[in-house]
Amino acid sequence: MRYLMLVLSTPDAPAEPVNVPEIEDWVRDTYGTGRAILGDRLRPPADAVGVQVRSGEVVVTDGPFSETKEVIAGFDILDAPDLDEAIRIAAAHPMAHTGAVELRPFWPLELDGDAAAAGSDAEAR
């Protein structure tokens with residue numbers, strides 16, 4: 001199963017965290033084993049652009065779209081056999097020690113019209 005791992009910077013990060021793993025080790029251990037597929041850092045919220053369509057008009061806003069104390073600093077797409085393994089991978093990430101990590105399972109679209117496959121996917125969730 002695939003999981004989106006959101007890497008969050010949080011205001012309540014410990015001032016002096018201890019035993020924080022090195023990101024290079026996490027990347028080697030995760031990407032090197034095929035448990036991660038894609039990931040990257042994200043620019044700060046001030047560089048974000050919000051896009052909405054309202055009454056047929058495209059509305060673009062600069063800066064952070066939502067007001068929150070946590071900031072999405074990056075992401076990784078994990079490929080893990082189950083949630084327990086995804087949690088183990090996420091807990092080994094340095095930001096789990098100094099910020100936060102959120103795991104979101106993928107919810108694939110069933111666009112081929114195969115209702116039976118869609119039903120079996122829903123049961124697996």
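full-length UniProt numbering applies: residue 1 is where the sequence shown begins, and numbers increase by one.
Built from N, CA and C at the ideal position, the CB exists for glycine as well.
Contact check, residue i vs residue j, beta carbons under 8 Å
i: Gly74; j: Val7; result: yes
i: Leu38; j: Ile72; result: no
i: Pro94; j: Pro21; result: yes
CB-CB length for residue i against residue j, believed under 8 Å
i: Ala36; j: Asp76; result: 5 Å
i: Arg104; j: Tyr31; result: Contact doesn't hold; Cβ gap of about 19 Å is too wide.
i: Gly63; j: Ala48; result: 6 Å
Span separating the alpha-carbon of residue i from that of residue j
i: Asp29; j: Ser55; result: 48 Å
i: Ala91; j: Glu57; result: 43 Å
i: Trp107; j: Asp79; result: 13 Å
i: Val53; j: Ala46; result: 21 Å
i: Gly34; j: Met5; result: 15 Å
i: Val27; j: Leu111; result: 33 Å
i: Leu109; j: Glu16; result: 43 Å
Own chain partners of residue i with C-beta closer than 8 Å, once the 5 adjacent residues on each side are dropped
i: Asn19; result: His97
i: Pro44; result: Val71
Same chain, Cβ closer than 6 Å to residue i, five either side skipped, listed in chain order
i: Thr10; result: Glu70, Gly99 and Ala100
i: Thr61; result: Gly50
Strand pairing of residue i, partner residues [DSSP]
i: Ile87; result: Looking at the DSSP assignment, Ile87 forms no beta bridge with any residue, so it has no partner.
i: Asp79; result: Arg2
i: Ile72; result: Leu8
i: Glu102; result: Leu6
Cut-off 7 Å between Cβ atoms - residues of its own chain near residue i, not counting five sequence neighbours on either side
i: Ile23; result: Pro94
CB contact check: residue i to chain D, cutoff 8 Å
i: Asp40; result: Looking for chain D here will not work: only one protein chain is present.
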